[in-house]
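Chemist:
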Amino acid sequence: MIGVGYVGLCTAVGFASKGYSVTASDSATEKVAKVLDGIPPFHEPGLQEMLKKSIRNGLLQCLVNGTEEAVLKTDITFVAVGTPSKPDGSIDLQFVEAAAHDIGKAIKQKNEYHLIAVKSTVIPGTTQNIIKPILENESGKKCGQDFGLCMNPEFLRQGSALADTSNPDRIVMGGNDKKSTATIENLYKNFYAPKVPPIIRTSLTTAELIKYASNAMLATKISSINTIANICEKIPGADVKAVAEAMGLDKRIGPLFLDAGLGYGGSCFPKDIKALIACSKAFGYTPELLESVEAINKTQPLKAVQFCRELLGNLEGKHIAILGLAFKPDTDDMREARVVPIVNQLLKEGASVTAYDPIAMPVAKTIFQSKIQYAPSAINCLKNTDCCIIVTEWAEFKKLTPEDFTKNMKQPNLIDGRRIYNPETFRKKMKFAAIGLGN
Ligand code: UGA
């Protein structure tokens with residue numbers, strides 16, 4: 026497993042937990058040291074226990090810059106390195122290319138057949154036109170004959186990564202050739218036996234596009250329901266929550282990813298939508314729908330600040346409580362977290378901010394440093410504030426009662442950015458605004 030980020034580590038631990046011997050490699054010394062100590066470098070429910078077990082029973086090894094050694098010791102190599110965005114939004118393939126060079130060098134030294142499966146999210150054409158030539162040039166061997174190549178995208182979500190790994194909706198296998206596809210298919214059939222998920226066999230390029238198309242559709246659902254939410258807010262008596270519930274019962278629409286809120290964040294949707302737009306434009310087509318999805322998502326978090334202004338007037342000197350910093354619950358990841366533009370705007374308008382998150386506080390401190398205050402608990406965060414914004418829907422925030430707000434805040438103004446409270450109950454006790462709720 027090349028790369029022990031979310032995808033790499035969760036997949037590696039998943040294989041090790043089923044008895045496979047896994048050798049992982051990563052260039053980040055600190056990350057590898059943590060993994061070897063049985064400490065995941067990021068928060069993921071259930072991962073620590075499984076990781077500790079895999080390290081203890083010797084089924085998971087982790088090396089620093091050990092790609093060549095890992096390839097020599099194993100039969101199949103998964104590439105799960107990061108594919109960040111360049112400043113113009115297009116994909117940065119430097120880590121994928123570096124991994125391909127190292128793997129190619131190792132294959133040169135091997136006599137046995139070796140399969141390479143790309144899990145990193147890469148734009149259509151990358152595996153065929155960039156990775157394959159690097160592997161062939163470095164190894165001096167022929168793809169499809171001496172070694173195999175697959176594109177096997179990953180669909181796991183942060184916060185439920187282990188469950189998603191052990192129970193995926195589908196497995197997508199883009200294969201360079203029949204032997205490559207058969208090799209990875211056998212691996213997955215053994216891994217998932219007796220309940221093998223649906224397997225979709227495609228070309229390398231189509232597999233790459235399936236990943237982007239899936240994330241683009243999910244992001245489109247979110248921006249779509251946020252658009253309905255924005256319409257609801259203009260119409261007295263309208264409520265996006267009821268609209269979404271009813272829409273979701275239509276089998277053609279489905280109930281998932283219809284939670285209106287402050288928009289999508291994280292390391293995947295924002296980056297992948299940008300990369301797909303850039304890739305599509307490079308092929309000569311401007312995907313206007315995706316540009317709109319992105320534009321809607323950019324303005325959506327700032328709605329929280331607009332609500333603040335509506336409730337408090339001028340924000341100069343006002344004290345705002347922020348509950349939730351992570352980009353979603355059950356993670357400490359703050360990449361593209363919605364809270365960042367919200368806090369920046371609040372500070373710009375002269376407000377002071379106190380924030381609390383069950384686990385993302387250490388990460389938040391590296392981002393906001395001393396620009397905001399940090400509270401040790403949700404209740405403490407509310408003390409003497411003029412307005413509270415729910416930014417992330419952590420389970421513990423759902424338990425807060427109207428009295429928790431009225432007793433602790435200077436003036437009880439609440440903005441439900443993730444629709445976790447019953448408006449009827451809260452409106453009776455305080456000034457309450459929520460995404461997608463008409464007056
Ligand atoms: C997403 C996809 O869901 C995974 O299938 C994919 O494998 C992954 O990206 C990836 O490309 O690696 P993830 O970013 O972990 O997974 O999290 P999601 O649960 O999809 O949430 C993304 C963002 O959308 C969060 O900020 C969340 O709050 C927001 N969201 C989600 C909404 O605003 N409304 C919803 O109804 C659902």
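Residue numbers (my numbering): 26 to 464.
All C-beta atoms in this analysis are idealised placements derived from N, C-alpha and C, irrespective of residue type, glycine included.
Using 8 Å as the cut-off, can you tell me whether the stretch 47–63 makes contact with the stretch 79–97, which would need three or more C-beta pairs spanning the two stretches below that distance?
Modeler: Contact holds: three or more Cβ-Cβ distances are below 8 Å.
Chemist: Starting from the Cα of serine 292, find the closest Cα among Ala303, Asp264, Asn240 and Pro222 and give me that residue.
Modeler: Cα-wise, what sits closest to serine 292 is Asn240.
Chemist: Quick check: isoleucine 321 and serine 248, are their CB atoms within less than 8 Å of each other?
Modeler: Their beta carbons are under 8 Å apart, which means isoleucine 321 touches serine 248 by this criterion.
Chemist: In the DSSP assignment, find the beta strand (DSSP E) that holds phenylalanine 172 and state where it starts and stops.
Modeler: Run containing phenylalanine 172: 172–176, per the beta strand (DSSP E) assignment.
Chemist: With distances taken between CB atoms, is the gap from alanine 244 to valine 318 smaller than 8 Å?
Modeler: Yes, the pair counts as a contact, with Cβ atoms nearer than the cut-off.
Chemist: Would you call the stretch 168–179 and the stretch 127–146 in contact, with 3 or more CB pairs under 8 Å?
Modeler: The answer is yes - the stretch 127–146 touches the stretch 168–179, with three or more Cβ pairs under 8 Å.
Chemist: Using DSSP bridges, identify the partner residues of lysine 456.
Modeler: BP columns for lysine 456 point to Asn438.
Chemist: Got a sec, what are the start and stop residues for the beta strand (DSSP E) serine 377 sits in?
Modeler: 377–381 is the extent of the beta strand (DSSP E) around serine 377.
Chemist: Taking its Cβ as the centre, do 16 or more other Cβ atoms sit within 10 Å of tyrosine 31, making it buried, or is it exposed?
Modeler: So tyrosine 31 ends up on the buried side.
Chemist: How many whole angstroms separate the CB atoms of isoleucine 367 and alanine 329, which I take to be in contact at a CB cut-off of 8 Å?
Modeler: Yes, they are in contact, since the Cβ atoms of isoleucine 367 and alanine 329 sit about 5 Å apart, within 8 Å.
Chemist: Classify serine 46: buried if its beta carbon has 16 or more other beta carbons within 10 angstroms, exposed otherwise.
Modeler: Counting Cβ neighbours within 10 Å, serine 46 comes out exposed, since fewer than 16 surround it.
Chemist: Cβ atoms of cysteine 333 and isoleucine 415: under 8 Å apart, would you say?
Modeler: In this structure, cysteine 333 does not lie closer than 8 Å to isoleucine 415 by Cβ.
Chemist: Going residue by residue through the stretch 42–69, where are the continuous beta strand (DSSP E) segments of at least 3 residues, counting only ones entirely within it?
Modeler: With a minimum length of 3 residues, the continuous beta strand (DSSP E) runs that stay inside the stretch 42–69 are 47–51.
Chemist: Would you call methionine 359 buried or exposed, if buried means 16 or more other Cβ atoms sit within 10 Å of its Cβ?
Modeler: Methionine 359 is buried by the Cβ-count criterion.
Chemist: Does threonine 426 pass the burial test, meaning 16 or more other C-beta atoms within 10 Å, or should it be called exposed?
Modeler: With fewer than 16 Cβ atoms within 10 Å of its Cβ, threonine 426 is classed as exposed.
Chemist: Quick check: the Cα distance between leucine 1 and glycine 33, rounded to an integer number of angstroms?
Modeler: The structure shown does not extend to residue 1, since the chain is modelled only from 26 to 464, so the question has no answer here.
Chemist: Could you check the C-alpha separation between valine 378 and leucine 372 for me, to the nearest Å?
Modeler: Roughly 7 Å separates the two Cα atoms.
Chemist: Considering only DSSP beta bridges, list what serine 110 is partnered with.
Modeler: Answer by DSSP bridge pairing, in chain order: Ile116.
Chemist: Would you say glutamate 163 and histidine 126 are within 8 Å of each other, going by their C-beta atoms?
Modeler: Their beta carbons are under 8 Å apart, which means glutamate 163 touches histidine 126 by this criterion.
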